[in-house]
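Residue numbers (our numbering): 1301 to 1503.
Here it is, written out as structure tokens:
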């Protein structure tokens, strides 16, 4: 059984788990949706809990890879530009973003099935590239302050992206003048405030 089969199972499982939740999806349903037999799922993942775990890890890895590509394509390391490009990436992949966060947010509901096996990834997907930009722009900033900055920036990007993914909310916002360009500027202004906060000495 090859990697193509494994990838197909992960992609189908991602959608089913996101739509229905871990408990509501059976191995039989997964096998039917993937057009494979149950033995194929057991061969690659052993059981449903491990498949769910790998589905989340795969989703995080995909986000991280996309952000890495954006980071490496930049001619210079700009936290503002990186943030805007990641924001637009999330909008372009809105369906995957929504389903990925539905998966991640249900981990706590099914924590007993996984123990601590999912507590491996610290910080947001691709967070290391935000750290690198901040370190280059603000050398000497303490780690705790960098952690706060990355959390604040990524939270803003995710919040704005999820809003843009909802066409009804998006239309309502545009009617009162909160357009795509306004949201981009909101993100940039937040970053400028964070940069100023980190660069000014504490009084």
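Note that beta-carbon positions come from the ideal geometry of N, C-alpha and C, so glycine has one too.
Residue 1466 and residue 1500 have their C-alpha atoms spaced approximately 38 Å apart.
Using a Cβ-Cβ distance cut-off of 8 Å, the region 1343-1359 and the region 1381-1395 are not in contact, since fewer than three pairs of beta carbons, one from each stretch, lie closer than that value.
For residue 1360, the three-state secondary structure derived from DSSP is helix. Fewer than three pairs of CB atoms, one per stretch, sit closer than 8 Å, so the region 1364-1373 makes no contact with the region 1324-1332.
Here residue 1318 is near residue 1403, since their CB atoms are less than 8 Å apart.
Taking a contact as a CB-CB distance under 8 Å, the pair residue 1359 and residue 1400 counts as one, their CB atoms being some 4 Å apart.
Per DSSP, residue 1443 is one residue of the alpha helix (DSSP H) stretching across 1443-1465. According to the DSSP assignment, residue 1396 belongs to the alpha helix (DSSP H) that extends over 1394-1405. The criterion of a C-beta distance shorter than 8 Å is not satisfied by residue 1491 and residue 1430. In the DSSP assignment, residue 1481 falls within the alpha helix (DSSP H) that extends over 1480-1499.
By the 16-neighbour rule on beta-carbons within 10 angstroms, residue 1339 is exposed. For residue 1342, the enclosing alpha helix (DSSP H) covers residues 1338-1345. A distance below 6 Å between beta-carbons, with the five flanking residues on each side excluded, links residue 1464 to the following residues of its chain, in chain order: 1391 and 1470. Going by DSSP, residue 1319 is part of the alpha helix (DSSP H) stretching over 1303-1320.
Residue burial is scored here from C-beta neighbours: residue 1439 has fewer than 16 other C-beta atoms within 10 angstroms and is therefore classed as exposed. For residue 1427, the enclosing alpha helix (DSSP H) has its first and last residue at 1427-1437.
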